[in-house]
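2 protein chains.
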Amino acid sequence: MNNSLPKSAGPAGLAGTASSRVFDNLRKDLVGGRFVAGEKLAINALKDRYQVGLSPLREALNKLAAYGLLVQENQRGFRVPKLSRDELDDIAQMRLEMEGMALERAIANGDSLWEADLLAAAHRLKRADITLDKGEEWEHLHTQFHRTLVAPCGSVWLLRFIEQLHDQFDRYRRLGPKMPTIRQELDEQHHQLVELALQRDAKMARELMDDHIHKSYEVALKRYQEHV
Amino acid sequence: MNNSLPKSAGPAGLAGTASSRVFDNLRKDLVGGRFVAGEKLAINALKDRYQVGLSPLREALNKLAAYGLLVQENQRGFRVPKLSRDELDDIAQMRLEMEGMALERAIANGDSLWEADLLAAAHRLKRADITLDKGEEWEHLHTQFHRTLVAPCGSVWLLRFIEQLHDQFDRYRRLGPKMPTIRQELDEQHHQLVELALQRDAKMARELMDDHIHKSYEVALKRYQEHV
DNA sequence: TTAGACAAGATAATCGATTTTTTAATCTAC
DNA sequence: GTAGATTAAAAAATCGATTATCTTGTCTAA
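Chains V and F are the protein sequences, given in the same order.
Taken in order, the first sequence gives residues 40 to 267; the numbers are from this note's numbering.
Taken in order, the second sequence gives residues 40 to 267; the numbers are from this note's numbering.
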């Protein structure tokens, strides 16, 4: 028997350790808005919540702080970063620049395997949407779709930054309840993005991507403003 | 008495903890090339080297892994990331895009305080160069200069990514011994960058920045090729 | 020979307890 | 009353020891 099934999607292919498990779970919960922004984390409570000892928990918290999903202060532990309009604008602006760049490069580099992956990812996403999002399913497939879209951009660092920005952006977008109406419009764009990618129309694809991020930004902003 | 002196330049204003101290030191050493690329880190040896216990050491290693200066694998600890031509190209390319963008924005936003800071940073850097680099002095002032140059770009995330890319780039640039000849040429450009920034000539400044990064890239590439 | 099983040693990860520092509450002097 | 000192409780950071996993070398059976 071998360990071919990755049990964790942590930093790299880290599997199995308590630290990586709690990292994954905490990351999901932070991105999914299950903590209050600005909140101070009570480490002992987290120990219970994630069923893990102190050492692996602290290691996970340290990683998340370095990743930007937590802030760590002097000798007073960890807290969930505050949200701000300025930061949301910053994140959205950066997404525009970086995902636009990545998409153009991906369209230039992507091979036919990419085309297949893209179609598959879009299909899975659409199907999940019909069944109306049981749990985190749609979120995961959505992330996966955007990841696939830019995957062959040729820059490991660009992909890394984009991923990080997505996590940060989702802290805003996923405030409050779901909005199926707007989602439909955004889902429409996902398919148009695939179309344009397959046609290798980099210019139009980038414009659509800009629009897509703009629309998502408006959703996120609304959520943020309602949430305050 | 208060604690107005920051004792550490860690992730945020983290001061005092053993973890943050060892994080800073390890980061310096990794960026400065005092570890062999690809090397597996012997945690017990690090404990002695940095005079610190296992827990804070592991926390620092976890942070560095999330930051990208280490890689962490399954259940077999930490290692220093390998170097590769492809990655160097990627990093340099990303620096071109991001620092160019940041510089343009900084020139648009920077106030007169920035101008003063910039002149000061350039002066300190030049002076350190004359006294011929005692220890890490020049490196630190160099980092500081580039940081100051883009500081008022208005994007926290852009600054963060640039910082990260600098650390990665320096893993290549700082292989092997110093090269005073080329450094002189690069130092020249630092002053021209200040000139153009003060004149608010964004276009020329960006071109010069591109050239500056290109030249640095050539140095780094040479080092890398000699180092293999 | 050589692939696979096994055991011993080394290393990584985790635990439980201790030390240090912060926080909050109370007290005291003005 | 209020600023500052004092101290008890809480929380963070760290330590020392334990447990789990990997690695290496040796052996055995085909």
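Glycine is no exception: its CB is placed at the ideal position from the N, C-alpha and C atoms.
Taking 8 Å as the cut-off, the Cβ atoms of K79 of chain F and G139 of chain F do not count as close.
Straight-line spacing of the CA atoms in V110 of chain V and E175 of chain V works out to 25 Å.
For L214 of chain F, same chain residues with a beta-carbon under 7 Å away, outside a window of 5 residues either side, are G72, R262, Y263 and H266 in chain order. Uninterrupted alpha helix (DSSP H) stretches at least 4 residues long and entirely within the region 183–256 of chain F occur at 195–212 and 219–237, given in chain order. Of F:K254, F:A259, F:L237 and F:Y256, the smallest CA-CA separation from L142 of chain F is found for F:L237.
Secondary structure note for S59 of chain V: its alpha helix (DSSP H) is the uninterrupted segment A57 to V70. Distance from D209 of chain F to V70 of chain F at the Cβ level is roughly 5 Å; contact confirmed, criterion being Cβ atoms closer than 8 Å. According to DSSP, V267 of chain V shares a beta bridge with no other residue. Segment contact: the region 231–246 of chain V against the region 92–104 of chain V, fewer than three CB-CB distances shorter than 8 Å; contact not assigned. R134 of chain V and D156 of chain V have their C-alpha atoms roughly 22 Å apart. Separation of E246 of chain F and L127 of chain F (C-alpha to C-alpha, rounded to the nearest whole angstrom) is 21 Å. Per DSSP, the continuous alpha helix (DSSP H) segment holding N148 of chain V begins and ends at R124 to N148. When DSSP reads this structure, K79 of chain F sits in a beta bridge with F:R118. In this structure, F:K121 is the residue among F:R60, F:K121, F:P219 and F:E224 with its C-alpha nearest to the C-alpha of Y211 of chain F. Counting only residues of its own chain and dropping the five nearest sequence neighbours on each side, G149 of chain V has a CB closer than 6 Å to the CB of P191.
Ranked by how close their Cα comes to the Cα of T182 of chain F, the residues F:A57, F:D226, F:L152 and F:P219 have F:D226 in first place.
Around Q114 of chain V, the beta-carbon contacts reaching into chain F at under 8 Å are G55 and T56.
K102 of chain F reaches chain V at N101, K102, A104 and A105, counting residues in chain order whose Cβ is nearer than 8 Å. A straight line joining the alpha-carbon of D68 of chain V with that of F184 of chain V spans about 20 Å. For the pair L164 of chain F and I146 of chain F, the Cα-to-Cα distance works out to about 20 Å.
For the region 190–203 of chain F, the set of residues with a beta-carbon nearer than 9 Å to any beta-carbon of chain V comprises G193, S194, V195, W196, L197, R199, F200 and Q203, in chain order. A76 of chain F and P216 of chain V have their alpha carbons spaced roughly 47 Å apart. Any Cβ of chain V closer than 8 Å to the Cβ of R73 of chain F would place that residue at the interface, and such an atom is absent. At a cut-off of 8 Å between beta-carbon atoms, M140 of chain V makes contact with chain F. Contact annotation for Q132 of chain V against chain F: S194 [CB-CB distance below 8 Å, chain order]. DSSP places V258 of chain V in the helix class (H, G or I) of the three-state scheme. Within chain F, the residues V195 and W196 have their CB atoms less than 9 Å from the CB of E126 of chain V, given in chain order. Assignment of beta-bridge partners to Q111 of chain F by DSSP yields F:F117.
With respect to L204 of chain F, M137 of chain F sits close: the two C-beta atoms are nearer than 8 Å. The contact set of S123 of chain V on chain F, defined by CB atoms closer than 9 Å, is empty, because the minimum CB distance reaches about 10 Å. Considering only V:A131, V:E178 and V:L188, the residue with the shortest C-alpha distance to A159 of chain V is V:L188. Here V195 of chain V is near D129 of chain F, since their CB atoms are less than 8 Å apart. In the displayed model, R88 of chain F falls within a helix according to three-state DSSP. Under the three-state reduction of DSSP output, R163 of chain V falls in the helix class.
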